[in-house]
Structures are given as C-alpha cells and as structure tokens.
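To keep things clear, I will list the structure first and then write my remarks on it.
There are 2 protein chains.
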Amino acid sequence: MTAHGNAPEGVPDDVRTRILDAAERLFYERGIQAVGMDELRTAAGVSLKRLYGTFPAKHDLVEAYLRRRDARWRADLAAYVDAATEAGGAVAAPADRLLAVFDWLGSWFAAQDFRGCAFINAYGELGATSEGVARVTRDHKQALRAYLADLARPSNHPDPAALASQLALLVDGAITAAAISGEPASAHTARTARTAAAALIGAIATTPNI
Amino acid sequence: MTAHGNAPEGVPDDVRTRILDAAERLFYERGIQAVGMDELRTAAGVSLKRLYGTFPAKHDLVEAYLRRRDARWRADLAAYVDAATEAGGAVAAPADRLLAVFDWLGSWFAAQDFRGCAFINAYGELGATSEGVARVTRDHKQALRAYLADLARPSNHPDPAALASQLALLVDGAITAAAISGEPASAHTARTARTAAAALIGAIATTPNI
DNA sequence: TAGTCTAGAGAACGAACGTTCTCCACGGAA
DNA sequence: TTCCGTGGAGAACGTTCGTTCTCTAGACTA
Chain A
351 MTAHGNAPEG VPDDVRTRIL DAAERLFYER GIQAVGMDEL RTAAGVSLKR
401 LYGTFPAKHD LVEAYLRRRD ARWRADLAAY VDAATEAGGA VAAPADRLLA
451 VFDWLGSWFA AQDFRGCAFI NAYGELGATS EGVARVTRDH KQALRAYLAD
501 LARPSNHPDP AALASQLALL VDGAITAAAI SGEPASAHTA RTARTAAAAL
551 IGAIATTPNI
Chain B
351 MTAHGNAPEG VPDDVRTRIL DAAERLFYER GIQAVGMDEL RTAAGVSLKR
401 LYGTFPAKHD LVEAYLRRRD ARWRADLAAY VDAATEAGGA VAAPADRLLA
451 VFDWLGSWFA AQDFRGCAFI NAYGELGATS EGVARVTRDH KQALRAYLAD
501 LARPSNHPDP AALASQLALL VDGAITAAAI SGEPASAHTA RTARTAAAAL
551 IGAIATTPNI
C-alpha cells in the first residue's frame, strides 16, 4: 500500500514523521550543518515541496527534531526507571530509582549509534547563532533536572533539589565523556558516574563497586 | 615598528600568533563553521596569502587553535591551583588542591566571554566529520583526567585514578551546564559542582576499609 | 637605475548550501 | 473527454564558503 492514506488535510502525519525520523538520524549522526536539505529529502523520501511545506525553513526542522527527541528521550528514561524499580510490586527506594538513571545511561552508551547528547552537540554547533536551539537545549536540561528532583524528593535527603543538580552534572559529564572517549571506555564511564552518584546520594553500601 | 622584524625564515611567529588569537576569539565566540576565512583574515590583519601560507587549510588552523587553547587552559588551571594552595608555604592538603579546581571553574564561568568548553563545542560541531578535532578533544579530556589524578595521588584515597575520573565528570558537567544555563546560574553551578566534589573526595576517603 | 623578489589587496573560481520555481504526470469532477 | 488542482522530480537562483590567482607596489641587489 502506498503512503498517502486518508490524510485529513494539509500535511499528513506520516510525512511529518518520516521527515523527522530522517532528520533525527542524520542530524544526530553527522551534525546539523553537515546535512543538507537535499540529502534530507532523499533520506525522507519526500519531495522538496512537501519538505518545505511541512517545515518552512531548516531551523524549524531543527527545533522540531530537538523537541521531539527531548520528549522521547525523557519518556524512555522514565519508562526504564519505572520498569527497573517496580519489579517487587512494593515501592522502590528513591536511591535505587536515582541509580537506575545511570544504568539507563550505560545501556544508551552501548548503543551503536550513540554519539553523545544531541542537545549539547546542537548547542555547540548553533547555540551561539540560534536562539531557538539555545532555548530548546536549556529546556531539555531544565526538564532533566526537574525529573531528577522528582526522583530525589521522596528520599530523606536534606536538599533534594541540590542533589538533583549535582546528579545532573554527573549525567551531563558522563554523556560527554562517553561520547568523546569512544566505544570501549563508555561502559566504564557509566559505572564511574553511577559510583559517584551513589556516593552523593549516600547509598555507598549498595554500590556494586567493581 | 612594523611586523616584519628579524624573521628567521618563512612565517614569523608574530603572524602565527595574531592568526591564532583571532581564530580563538572568533571560533570560540561564534562557532567554527560560522566564521569564514575571509572574516578571519580581516580580524587577524593579515593577507589571505599569508593566512594560507601559515595554515594550508582551515582544518589545520582549527586543530592549531584547539591545541594552543588546550595547553593554555591547562596551564592556567595548574597555575591557579598552585597559587591557591601554596599560600602558607607548607604543602597544602590534596583535597584543597582538588577543590581549587572548582574555584577556578567558578571564576572562569563568570568571565564575560565564557561560552562553555571549546573542545566539547568543537566536537559537537565537527567531531563526527573531522578525526583531527575528535583526537584533540580526546587528548584534552585525557590530559585533564591525568592532571586530576596527579592532584589526587598524594591523598590517602584508595583509588586516585577513579576519583579523578569522577571529578572529571563533574568538571565537564559543570562547564556544560554553566554554558547552557547562561550567566546568572553559572556561579551557582560552580558551587554545586564544588560541593559534590567535596562529598566525593571526603566520602570515600573517610570510608574505613576498601 | 634596472631587475627581481616578496607580499598585500582583493578578484575569481568551483562547490555547496538553503530556498524557490518550472515542468509535467496523474486523479477526480463535470 | 476536458478541465483543474495537487504533488513529485529536479532545475535554477542567489548566496556563501574555502581556496587559488592576478595584479601591483615596494624593497633589496648589482
């Protein structure tokens, strides 16, 4: 069957999704400025007219790519944390839920297409020139900090927000270090971050301690 | 006096320095791909012929910019740590020298031209395409980790290299967070990282057995 | 002074980019 | 069948970039 099903009007969602899928794969893998609209059209399998009809300019597509990735990234993280800590049926310790964040990072770092934080990369590339990219990046990091604070709040830590900020530094540092150091060292990086996080949380006893 | 003093041969150092100064200012402030060779020539005050005679291609200039910045950045950091911890004349505690690193970060974040880590930015922009940029970035982060390990070694920490890796994550995370969050929050970011570092340095060090 | 070399200023070139426009094939309505 | 609107394929446009080439002014040598 062809892809032009029963589109309600304007741009069918299918086209938008296909464009964003191609954009995410190419932008994340090679950088935003290294991917031209023509190559993107080919990868998405749409015409230039449809491409520009869906996203009037490249920076609109860039921001949409980052916004969608932000939502999916945080949803994946939250799903992993929930799945990892609801096994017993009983409510898990807040420390375990916080540490699960770093387990998820470890599995992400091991993915073959891992290339660091899409937002940090985009910020390094366009943050100085594009206010939109800078804003999306700020929002993403702020949302991550808020999520960590939500995880930390049920604990008996005296300052959950401060703990969340500290852990957020570890998360960003680990993502960056894993991206730069490359494949073999990235698993070790995740464990290093997890150990440090455990120390900050105060759950040194539960640290695997390799 | 003119700039063509007693050059031994080829390109006088003055020209090379002027080019690198302009490149560092522009590349760091606006990104590498956002600065053209023509604008760079104007900023450096040299002719295109001299520019290409000194650096045969843009990527040579990019790598030279990163290499020089790496050397100066780490020298500045080491000088600050030495100056901050040699006041008494007696040898300072290793923990204080490690924490001085984060004090230096705080002063750096407050600089008006602070725009994050030049290497992380360059890696996000060109790391996927340029092996040279990726290598310089790896070397820079590796050298930072080695320096932190040197600072940690005199302590009674059971694993100075592991502590150095943990602190390196905090350093990278703090630089990134400070760059993204912008001016007002960056001072707070440095203090957050310093607090976390103190916990990591002290927590495990006071653990009786490992 | 005549000749030669160097280097500056910037024009020029080829490629690539983001974006728009042209042409044509196709499908539904009358 | 004829008309019309939609959309695909890709040519075209204007700009920008990295890099090279041309022209010329000046300094040094014999």
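Chains A and B, in that order, give the protein sequences.
Count along the first sequence from 1, add 350, and you get the number used in the numbering used here.
Count along the second sequence from 1, add 350, and you get the number used in the numbering used here.
Think of the CB as a built atom: it goes at the ideal place given N, C-alpha and C, for glycine as much as any other residue.
{"Check": "Neighbour-count burial assignment, Gly523(A), 16 or more Cβ in a 10 Å radius", "Outcome": "buried"}
{"Check": "Chain-ordered neighbours of Leu449(B) on chain A, where CB pairs are closer than 9 Å", "Outcome": "The premise fails here: Leu449(B) is roughly 15 Å from chain A at the closest Cβ pair, so nothing lies under 9 Å."}
{"Check": "Secondary structure of Asn471(A), DSSP reduced to three states", "Outcome": "helix"}
{"Check": "Pick from Phe469(B), Glu436(B), Gly474(B), Val431(B) that is closest to Trp454(B), judged by C-alpha positions", "Outcome": "Val431(B)"}
{"Check": "Environment of Ala445(A) [buried if 16+ CB atoms lie within 10 Å]", "Outcome": "buried"}
{"Check": "Any chain B beta carbon closer than 7 Å to Gly403(A)", "Outcome": "no"}
{"Check": "Alpha-carbon spacing of Leu470(A) relative to Phe459(A), whole angstroms", "Outcome": "Leu is not the amino acid found at residue 470(A); the sequence shown has Ile there. Near 15 Å, if we compare the C-alpha coordinates of Phe459(A) and Ile470(A)."}
{"Check": "Where Arg447(B) falls, given that 16 or more other Cβ within 10 Å makes a residue buried", "Outcome": "buried"}
{"Check": "Local Cβ density within 10 Å of Ala547(B), reported as buried at 16 or more and exposed below that", "Outcome": "buried"}
{"Check": "Nearest-angstrom beta carbon gap, Gly395(B) and Arg368(B) [assumed within contact, 8 Å]", "Outcome": "6 Å"}
{"Check": "Where Asp562(A) falls: helix, strand or coil (DSSP)", "Outcome": "Residue 562(A) falls outside the range modelled here, since chain A spans only 351 to 560, and no answer is possible."}
{"Check": "Burial state of Ala502(A), where buried means 16 or more other Cβ atoms lie within 10 Å", "Outcome": "buried"}
{"Check": "Alpha-carbon to alpha-carbon, Ala499(A) and Ala443(A)", "Outcome": "14 Å"}
{"Check": "Residue interval of the alpha helix (DSSP H) (run including Gly403(B))", "Outcome": "398-404"}
{"Check": "Proximity test, Cβ basis, 7 Å: Leu550(A) and chain B", "Outcome": "yes"}
{"Check": "contact_flag[the region 507-521 of chain B, the region 487-497 of chain A] where n(CB pairs < 8 Å) is 3 or more", "Outcome": "no"}
{"Check": "Whether Tyr415(A) touches Glu379(A) by CB criterion (7 Å)", "Outcome": "no"}
{"Check": "CB contact flag (Ser515(A), Thr526(B), <7 Å)", "Outcome": "no"}
{"Check": "Outcome for Asp420(B) when other beta-carbon atoms lying within 10 angstroms are tallied against a minimum of 16", "Outcome": "buried"}
{"Check": "Whole runs of the alpha helix (DSSP H) within the region 480-537 of chain B, excluding any shorter than 4 residues", "Outcome": "481-502, 510-531"}
{"Check": "Burial state of Thr404(B), where buried means 16 or more other Cβ atoms lie within 10 Å", "Outcome": "buried"}
{"Check": "Within 7 Å of chain B by C-beta, residues of the region 487-510 of chain A in sequence order", "Outcome": "Thr487, Arg488, Lys491"}
{"Check": "Ala425(B), enclosing alpha helix (DSSP H) - first and last residue", "Outcome": "408-435"}
{"Check": "Ser510(A) versus Leu476(B): straight-line alpha-carbon distance, rounded", "Outcome": "In the sequence as presented, Ser is not what sits at residue 510(A); that position holds Pro. Answer to the nearest angstrom: the Cα atoms are 37 Å apart."}
{"Check": "Three-state secondary structure assigned by DSSP to Val365(B)", "Outcome": "helix"}
{"Check": "Interface residues of chain A facing Ser480(B) [CB-CB closer than 7 Å]", "Outcome": "Chain A residues near Ser480(B): none, gap ~10 Å exceeds 7 Å."}
{"Check": "Rounded distance between the beta-carbons of Ala478(A) and Gly381(B), thought under 8 Å", "Outcome": "5 Å"}
{"Check": "Contacts of Gln383(B) in chain A (Cβ-Cβ under 8 Å)", "Outcome": "Gln383, Glu475"}
{"Check": "Per-residue DSSP class, three states only, for Ile551(A)", "Outcome": "helix"}
{"Check": "Contact with chain B by Arg417(A), beta-carbon distance below 7 Å", "Outcome": "no"}
{"Check": "Thr452(B) versus Asp388(A): straight-line alpha-carbon distance, rounded", "Outcome": "Sequence check: residue 452(B) is Phe here, not Thr. Answer to the nearest angstrom: the Cα atoms are 45 Å apart."}
{"Check": "Ala394(B): first and last residue of the uninterrupted alpha helix (DSSP H) it sits in", "Outcome": "387-394"}
{"Check": "Sub-7 Å separation of Ala540(A) and Gly456(A) beta-carbons", "Outcome": "yes"}
{"Check": "Assigned exposure category for Thr435(A) - 16 Cβ within 10 Å defines buried", "Outcome": "buried"}
{"Check": "Nearest candidate by alpha-carbon position, reference Arg422(B), set Leu370(B), Ala384(B), Ala440(B)", "Outcome": "Leu370(B)"}
{"Check": "Chain-ordered neighbours of Tyr379(B) on chain A, where CB pairs are closer than 9 Å", "Outcome": "For the sequence presented, residue 379(B) should be read as Glu rather than Tyr. What Glu379(B) touches in chain A: Ala478."}
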